[in-house]
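Right, one structure below, let's go through it.
Numbering (full-length UniProt numbering), first residue to last: 1 to 262.
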């Protein structure tokens with residue numbers, strides 16, 4: 001089918017590029033890209049296949065060729081290249097800079113009874129970010145301090161009653177009980193490095209570069225994606241049927257299932 005043909009084209013081209021890095025390339029007589037993809041060429045060029053499937057030099061996960069998939073490079077199964085084109089939703093998902101973080105401290109906003117001011121480590125070289133959230137009516141500061149969390153990092157900074165907020169702390173919320181709303185901070189699985197960029201659909205090898213805050217705002221990326229970002233029946237964070245994951249596993253809410261995420 002067309003998808004398989006497209007995948008084979010990606011495979012052939014990548015292997016041909018890999019051949020250019022072998023000693024045989026310097027001797028001339030390189031085979032064509034289509035020949036490289038044949039079983040005979042596979043036997044004749046083992047080093048080229050190893051190079052094509054080698055881990056990215058930027059680290060993290062499966063080979064650059066055999067790991068394309070869904071909204072993150074690295075989501076595909078071993079030896080199963082996916083179609084090279086991403087659809088509009090996958091492009092938007094990969095534009096988000098969502099990272100694992102840790103809440104270092106929490107203080108009450110002096111000008112707003114509903115706001116907390118959090119200092120959150122998201123792996124920035126310049127140090128922790130200041131993020132303002134509306135969690136004060138729902139969670140005590142003592143429960144938040146020291147907690148692993150998930151942060152949307154490439155939103156434009158917002159002035160929240162005199163304090164500039166540099167991102168959004170992602171939470172699950174449930175309003176199904178009349179007159180009561182429950183809110184929980186999303187948690188990455190234990191062992192997820194602080195600052196690791198998360199993705200939808202599988203393990204992250206090399207993600208495309210995230211959009212800048214201005215582009216996120218101009219194209220209304222978050223506004224388009226957020227309505228379908230929810231927890232499933234087990235509390236796992238998903239966009240439609242694509243799980244939000246780190247290199248360790250799926251992001252989850254502690255107890256809230258089938259709830260909105262924002």
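For glycine and all other residues, C-beta sits at the position ideal for the given N, C-alpha and C.
Quick one: what does DSSP say residue i is sitting in, helix, strand or coil?
i           : result
residue 184 : strand
residue 111 : coil
residue 103 : strand
residue 93  : helix
residue 237 : strand
residue 133 : strand
residue 243 : strand
residue 144 : helix
residue 196 : coil
What are the boundary residues of the beta strand (DSSP E) that residue i is part of?
i           : result
residue 119 : 116 to 121
residue 172 : 171 to 174
residue 159 : 158 to 160
residue 165 : 163 to 165
residue 231 : 229 to 231
Buried or exposed, going by whether 16 or more other CB atoms sit within 10 Å of the CB of residue i?
i           : result
residue 137 : exposed
residue 172 : buried
residue 161 : exposed
residue 191 : exposed
residue 87  : exposed
residue 204 : Below a pLDDT of 50, predicted positions are generally treated as unreliable, and residue 204, at 46, falls in that range; the measurement from the model is reported next regardless. Residue 204 comes out buried.
residue 111 : exposed
residue 126 : exposed
Once the 5 residues before and after residue i are set aside, which same chain residues still bring their CB inside 7 Å of it?
i           : result
residue 166 : 129, 130, 131, 157
residue 233 : 257, 258
residue 230 : 238, 258, 259, 260, 261
residue 196 : 99, 100, 246, 247
residue 114 : 134, 136, 137
residue 210 : 95, 96, 97, 154
residue 159 : none
residue 145 : 103, 105, 106
Of the residues the options, which one's Cα is nearest the Cα of residue i?
i           : options            : result
residue 164 : 214, 126, 155, 172 : 155
residue 108 : 246, 139, 199      : 139
residue 224 : 240, 209, 183, 235 : 240
residue 122 : 133, 116, 153, 144 : 153
residue 226 : 210, 218, 174, 170 : 170
residue 193 : 251, 110, 133      : 251
residue 236 : 117, 182, 216, 254 : 254
residue 143 : 118, 181, 219, 220 : 118
To which residues of the same chain is residue i closer than 6 Å at the C-beta, ignoring the five residues directly before and after it?
i           : result
residue 148 : 102, 187, 188
residue 249 : 189
residue 208 : 94
Taking the alpha helix (DSSP H) that residue i belongs to, which residues open and close that run?
i           : result
residue 214 : 213 to 218
residue 225 : 221 to 225
Determine whether the Cβ of residue i lies closer than 7 Å to any Cβ atom of chain B.
i           : result
residue 150 : Of the chains in the structure shown, none is chain B; there is only one protein chain.
Please go through the same chain and pick out, in chain order, the residues whose beta-carbon is closer than 8 Å to the beta-carbon of residue i, but skip the five residues on each side of it.
i           : result
residue 212 : 154
residue 217 : 155, 156
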